[in-house]
Ligand SMILES: [Zn+2]
């Protein structure tokens, strides 16, 4: 995947396309094992983290992206280029596509129309409630229901209240001016709700599986080494 030819989205303005490539540098992902005397007994480069800086040709703002290229597990794996700044905050992993699209659409309007962005975030929250089968005839009751059923933690109650209020104000009052800070925070709250409900469980299960596989492999290698040592001693 050529970083100069990969379409990316600028979350300042919502433009998706080839962004103007500015610069790149790599950070090595190195593991070092030392013995009790502090001498390096093992060193391995697991991969590289590549950072790319772009300029959005539409709004002229900076976009920072990263890409992980691993040497192992599996070898030569190259991950997709991911936009880190401006943050979309959530990943699509584990998130129902409809909810991800609604959230992404909301974030794309953040630099364009704050009221529409807040309305769209409220809509995303409504879709989450529907997906989780929340009971109640309005959004407030549905969120209470999810908290009561412990689908959502109690600490999210205020975050949901803020998103709901901002969305209501955006829908009804033309004369309310929303600050960039309010919009950014509402985005952050909705993203943490989506991450908590959908992405984190999938990511945790994924990482657990990888660690277990690695441990199994190490155990098998150790067993094999023991067998070889045993044969040498016997022979
Ligand atoms: Zn842009």
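In our numbering, the protein residues as written are 19 to 253.
Cβ coordinates follow ideal geometry from the N, Cα and C atoms, glycine included.
- Query: Expressed to the nearest angstrom, what Euclidean distance is found between the alpha-carbon atoms of residue 197 and residue 132?
  - Reply: 8 Å
- So residue 65 is in the alpha helix (DSSP H); what residue range does that whole segment cover? Element bounds for residue 65: not the alpha helix (DSSP H) but the beta strand (DSSP E), 58 to 73.
- Query: For ligand 1, any of its heavy atoms closer than 7 Å to the Cβ of residue 101?
  - Reply: no
- Item | Proximal residues to residue 60 (C-beta, below 6 Å), its chain only, five neighbours per side dropped | 51
- Residues in its own chain within less than 7 Å of residue 97 by CB, not counting five upstream and five downstream? 85 and 86
- Check each residue's C-beta against every heavy atom of ligand 1 and list, in chain order, those closer than 6 Å. 28, 30, 31, 33, 74, 76, 77 and 79
- Count the other CB atoms, across all protein chains shown, that sit within 10 Å of the CB of residue 43; report buried if there are 16 or more and exposed otherwise. exposed
- Query: Do the segment 64 to 71 and the segment 170 to 187 meet, that is, are 3 or more Cβ pairs less than 8 Å apart?
  - Reply: no
- Since residue 125 contacts residue 205 with CB under 8 Å, what's their CB separation in whole angstroms? 6 Å
- Message: Would you call the segment 176 to 183 in contact with the segment 139 to 150, where contact means no fewer than 3 C-beta pairs closer than 8 Å?
- Response: yes
- Query: Where does residue 43 fall in DSSP's three states?
  - Reply: strand
- Query: For residue 36, which residues of its own chain have a beta-carbon under 7 Å away from its beta-carbon, when the five flanking residues on both sides are left out?
  - Reply: 23 and 25
- Classification of residue 63 by the beta-carbon crowding that lies within 10 angstroms, buried from 16 upward: exposed
- Query: Where DSSP assigns a beta bridge to residue 113, which residues make up the other side?
  - Reply: Paired residue(s): none; residue 113 is not in a bridge.
- Which whole-angstrom value describes the C-beta separation of residue 73 and residue 101, a residue pair presumed to lie in contact below a C-beta threshold of 8 Å? The pair is not a contact, with the Cβ atoms about 13 Å apart (cut-off 8 Å).
- Message: Between residue 149 and residue 108, how many whole angstroms is the CB-CB distance? I'm expecting something under 8 Å.
- Response: Not a contact, Cβ separation roughly 14 Å.
- Message: Suppose you measure from the CA of residue 58 to the CA of residue 49; what does that come to, to the nearest Å?
- Response: 10 Å
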